[in-house]
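Shown next, in structure tokens, is the structure this report addresses.
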Amino acid sequence: MVLKIRLARFGKKHTPFYNIVVAHARTSPTSRPLEVLGTYNPIPQPPRPGDTHGRPWKDIKLDISRARYWVGVGAQPSDTAWRLLSMVGILEPQYRISQIQNKVVKADSAAKSIIPPTQTRTPTAKQEGTNKA
Amino acid sequence: MPTRLRASNLPSTVFPCSSIRPQSIPQPARISREFSQSSCRQITQRRRKFYEWMNGPGRMLKDPLPHSTNYLGAYDKFGNLIRGTFQPKDAKDATPKAEAAEGVEGVEAKPDTSSEGQESADDLDAAVSRSEREEMQKKEDGTEEGRLVPETLEDLRPFPLNRYFRSQPVLSEELREAIYQFVKRDGHSLQLASTTFGVSNERIGAVVRLKQMEKEWIAKGKILAIPYAKAVLDMLPTTPHVKERGKRAITHEPINDLIVHPATRQQLFVPVAESRHFTRVDAGKAFDNNLLPADERIPHPELIAAEKDNIDGYSVSERQRRAQERLEAEMAEKNKKKEEKRQAELASTKTVPQRRWDFVFQDVSVDSVGRNGRDPKGVGWRYGLPHQDRKKGQVKIPTKVEA
């Protein structure tokens with residue numbers, strides 16, 4: 001059985017709140033998990049009193065050493081769990097915005113290089129004309 | 001200025017105080033009120049009696065007395081102010097001054113006569129308004145003689161049938177400002193403020209917090225309900241602020257009351273050998289092992305230490321030095337604990353700044369759920385337990401404010 005590190009939704013309507021859990025992959029999201037690693041509150045909290053920058057924040061509670069253990073024995077984090085675990089350095093980040101942007105730029109420039117520009121067509125037409133002649 | 005104080009300036013016999021005047025003036029009962037939409041034209045006995053009372057003994061209660069409370073208990077059944085009847089000697093001496101002042105004010109007050117002269121046709125009423133006018137003038141002159149005698153405890157009873165209820169004083173505006181400045185500007189501790197001003201610890205904390213909020217609001221340009229606060233404070237007994245440096249503050253309330261611990265609510269008989277030295281510490285332990293002795297549970301244990309120093313015969317400067325030392329040691333320990341707690345929290349949290357918000361990770365332990373996984377202190381939302389938040393008696397009022 002595959003072990004998953006995933007989120008289990010709690011909380012009322014319009015107030016999501018997640019437990020970060022370790023569970024068997026094929027069990028229901030609401031079922032009792034093997035272990036609750038922590039919680040994730042996706043609602044941004046107002047800036048903390050001492051915060052000079054005044055940035056909103058998201059509250060995450062996580063047993064980091066335990067999460068590291070479960071990843072070590074082969075538990076597979078879901079995309080969201082991967083994102084959270086990569087923030088504390090347990091895993092390599094799956095997606096990086098800069099990487100993806102680089103890829104997009106590369107793909108774009110590659111596509112541009114493949115398609116011949118319209119100006120290059122005119123000499124070919126001339127060539128055709130010469131061939132005919 | 002209330003219209004009640006305005007009056008005609010007819011020369012007549014002068015009543016030194018408003019309280020001696022006869023109050024039972026026959027006036028026609030009004031049939032309906034201005035604000036009422038219903039046409040209640042019939043005159044019942046109750047209505048008539050009510051208006052009789054309103055125009056007679058109850059007339060003084062319609063408007064607040066300036067610089068004093070105006071409770072029902074301060075009047076006799078004829079509507080006379082009881083404390084006014086026992087005037088100090090200087091009250092009579094004040095009358096010529098008032099008459100002299102009347103001459104100056106006479107020109108200004110003439111328009112009032114034309115407007116109010118018709119309704120106060122009665123001579124008695126005119127006399128009443130005259131005396132009131134004089135009262136007002138005395139105040140305008142800035143003399144303290146126009147002021148009423150300060151209330152006694154008897155006068156602070158709003159409900160005459162309940163003799164045991166007395167209106168309690170509230171903190172005056174100057175005193176609250178002084179407390180705020182003492183704590184914030186001079187940097188004294190809340191405990192010291194409490195003992196200096198004779199106000200309980202909790203009230204000091206509340207005053208500082210609310211004053212700070214008030215100042216923040218003023219800085220933000222919010223509109224405050226100052227006229228309302230002023231009006232209410234004028235009608236209540238207040239604890240004044242003593243500005244002289246050497247003088248002691250007027251005690252607002254008992255500050256060192258022992259809070260009754262639930263463990264001490266039962267009666268306890270502990271047999272103790274006569275030879276044994278049984279102190280308050282032992283008495284506390286007899287009730288509960290974790291119960292501190294009464295000397296340490298009171299809000300101001302430092303006062304006991306100061307008194308002990310006094311008994312031991314230290315000089316004043318020595319006592320002050322020792323008290324200061326104790327205070328500093330206590331504050332140092334408190335700050336150390338606070339700092340340790342802050343450091344521990346910093347060590348367990350990790351902030352990851354992202355594009356829009358910070359992700360704050362707090363390291364917890366999965367073992368906190370306990371052996372059966374049902375410990376309420378455990379991490380995460382609990383499984384298999386219903387919500388209690390719609391249950392009766394669940395308190396949802398926040399108990400602390402993040403500032």
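Taken in sequence, the protein lines are chains B and G.
Position one of the first sequence corresponds to residue 1 (full-length UniProt numbering), numbered consecutively onward.
Position one of the second sequence corresponds to residue 1 (full-length UniProt numbering), numbered consecutively onward.
Idealized CB from N, CA, C, for every residue including glycine.
Counting of Cβ neighbours within 10 angstroms places Gly221/G among the exposed residues, the total staying below 16. Between Asn256/G and His300/G, the CB-CB gap stays under 7 Å. Beta-bridge pairing by DSSP links Glu35/B to Val22/B. In the structure shown, Ile223/G adopts coil according to DSSP, grouped into three states. For Gln45/G, the enclosing alpha helix (DSSP H) stretches over residues Gln45 to Asn55. When secondary structure is reduced to three states using DSSP, Arg9/B falls in the strand class.
Only residues of its own chain outside the window of five on either side were considered, and among them Leu268 and Val270 have a CB closer than 7 Å to the CB of Ala286/G, listed in chain order. By the neighbour-count definition (other C-beta atoms within 10 Å, threshold 16), Asn80/G is a buried residue. The C-beta distance from Lys211/G to Tyr180/G rounds to 4 Å, short enough to fall under 8 Å.
A distance of 7 Å or more separates the beta carbons of Pro44/B and Pro33/B. Taking 7 Å as the cut-off, the Cβ atoms of Asp63/B and Asn41/B do not count as close.
Below the 8 Å Cβ cutoff, chain B contributes Pro44, Arg55, Pro56, Trp57 and Lys58 as neighbours of Trp357/G, in chain order. Shown here for Arg176/G: same chain residues with a beta carbon closer than 7 Å to its own, the five before and five after excluded, namely Val207 and Lys211 in chain order. Taking 8 Å as the upper bound on Cβ-Cβ separation, chain B lies near residues Gly378, Val379, Gly380, Trp381, Tyr383 and Gly384 of the stretch 374-393 of chain G. DSSP, read as helix, strand or coil, puts Val149/G in coil.
Ser365/G belongs to the set of residues whose beta carbon lies under 7 Å from a beta carbon in chain B. Listed along chain G, the residues sitting closer than 8 Å to Asp63/B by beta-carbon distance are Asp363, Val364, Ser365, Val366 and Val379.
No Cβ-Cβ contact shorter than 7 Å links Ser194/G with Pro240/G. Here Tyr228/G carries a helix assignment [DSSP, helix/strand/coil]. If the five residues before and after Arg280/G are omitted, its C-beta is found closer than 7 Å to the C-beta atoms of Pro293, Ala294 and Asp295, all from its own chain and listed in chain order. Against chain B, the CB of Val401/G has no partner CB under 7 Å away; the residue lies outside that interface. Rounded to the nearest whole angstrom, the C-alpha separation of Pro398/G and Glu307/G is 39 Å.
Listed in chain order, the alpha helix (DSSP H) runs fully inside the stretch 69-116 of chain B are 79-87 and 97-114, counting runs of at least 4 residues.
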